[in-house]
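Q: Take a look at this one; I'll ask things after.
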Amino acid sequence: MSFELLEELVTCPFCWETITILVDPSESQTYTEDCFVCCRPILIDTEINGDNVQVRVTQEDLGF
């Protein structure tokens with residue numbers, strides 16, 4: 308079994324820039340990662356179904 312991260316293009320929900328993130332295709336997960344452009348926290352939700360990888364990004368609830 309080889310471990311390889313997948314590159315996925317997503318749009319930051321804060322600054323609307325397209326950024327590249329690395330996704331672990333071995334399991335579905337939800338995590339927070341800062342945008343490389345505006346440094347705001349993005350909630351990343353990955354869903355793995357066989358060879359199909361679906362990535363959703365939303366603004367992390369900052370509690371304001």
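Position one of the sequence shown corresponds to residue 308 (the working numbering), numbered consecutively onward. Each residue gets a CB set at the ideal place from its N, CA and C atoms; glycine is no exception. Quick caveat: nothing in here was measured; it's all calculated off a predicted structure.
#1: Spatial neighbours of D341 within its chain, please: CB distance less than 8 Å, with the 5 preceding and 5 following residues excluded, ordered by chain position.
#2: By DSSP, does V360 sit in helix, in strand, or in coil?
#3: From which residue to which residue does the beta strand (DSSP E) around D341 run?
#4: Using the three-state DSSP reduction, which class does V354 fall into: helix, strand or coil?
#5: Have a look at T325, T339, V330, I326 and flag the residue whose alpha-carbon is nearest the alpha-carbon of I355.
A: Concretely, from the data shown:
#1: Counting only Cβ-Cβ distances below 8 Å, and skipping sequence neighbours, we find R347, P348, I349.
#2: It is a strand residue.
#3: First-last of the beta strand (DSSP E) with D341: 336 to 341.
#4: Just to set this straight, residue 354 is Glu in the shown sequence, not Val. Of the three classes helix, strand and coil, the one that applies to E354 here is strand, per DSSP.
#5: Cα-wise, what sits closest to I355 is V330.
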